[in-house]
Each structure stands twice: as structure tokens, then as C-alpha cells.
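See structure below.
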Amino acid sequence: MKTQFMCSIIYGGVLGGALVVDDNSITFKTGKVTVADRIRNLKMDIADIESLTWKGIIATITLKSGDKYSFLILNKKRFIEVYESLTNK
Numbered sequence: 125m126k127t128q129f130m131c132s133i134i135y136g137g138v139l140g141g142a143l144v145v146d147d148n149s150i151t152f153k154t155g156k157v158t159v160a161d162r163i164r165n166l167k168m169d170i171a172d173i174e175s176l177t178w179k180g181i182i183a184t185i186t187l188k189s190g191d192k193y194s195f196l197i198l199n200k201k202r203f204i205e206v207y208e209s210l211t212n213k
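In terms of our numbering, the sequence shown is residues 125 to 213.
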């Protein structure tokens, strides 16, 4: 399964892109060339995600490494459904 969500990462400002969710990872993708490569194609393995918290439509993904990334995600309800289907296996 591969599902895409329009979103913006909050990283030194707000940067538009998409979150691509597949069976093993959540990947933020943007075409913005002025952003560091690791943010332009930010892959977060499901197994490495410690928590997902929400404040309104802002999701914060905390990795086991301690890194945190915040996203403004459109279609929050569907994103939660997809994320929970991956983590409740």
C-alpha cells in the first residue's frame, strides 16, 4: 500500500510537499532545491518512530533517535487511519 498526503514540514519555516506512506516508512518529499537533501527526501521507518502526537492539524513525529519533525497534514483523519493500520499489525 502506498498513500500520499499533501502536507508542509515545519522546518525553518513552512515548506510544502507530500508525505508518502507505505508498508515500511513515511517519507516527506519536496522538490525545493534550496533545502538540505536529508529533508528533501526525509524517510522515517515505521520501526524507528517512537511517537506521533497532534496539536490541531500539526503532527509531530518523534523518532527513537530523538529527532522530531512537525508537519501540517491535510486530511488528518485519513492519515491517522493509515498510520494506525501500520502500527497495529
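Glycine residues also receive a C-beta, built at the ideal position from the N, C-alpha and C atoms.
Test item: CB-CB of residue i and residue j under 8 Å
i	j	result
Ile181	Ser194	no
Asp147	Met125	yes
Leu187	Ile204	no
For residue j and residue i, believed in contact at Cβ under 8 Å, the rounded distance
i	j	result
Ile150	Thr211	The pair is not a contact, with the Cβ atoms about 11 Å apart (cut-off 8 Å).
Gly136	Thr154	Not really, about 13 Å apart at Cβ, beyond 8 Å.
Leu176	Ile185	6 Å
Val138	Gln128	No, Val138 and Gln128 are not in contact; Cβ-Cβ is about 19 Å, not under 8 Å.
Cα-Cα separation between residue i and residue j, rounded to whole angstroms
i	j	result
Ala142	Leu198	10 Å
Lys159	Leu196	According to the sequence displayed, residue 159 carries Val and not Lys. C-alpha separation (whole angstroms): 18 Å.
Asp67	Ile134	Any property of residue 67 remains undetermined from this structure, which presents the chain solely from 125 to 213.
Val157	Ser209	33 Å
Cys131	Phe152	9 Å
Element boundaries [beta strand (DSSP E), containing residue i]
i	result
Thr211	Not the beta strand (DSSP E): Thr211 falls in the alpha helix (DSSP H), residues Lys200 to Thr211.
Segment limits, alpha helix (DSSP H) that includes residue i
i	result
Asp161	Asp161 to Arg164
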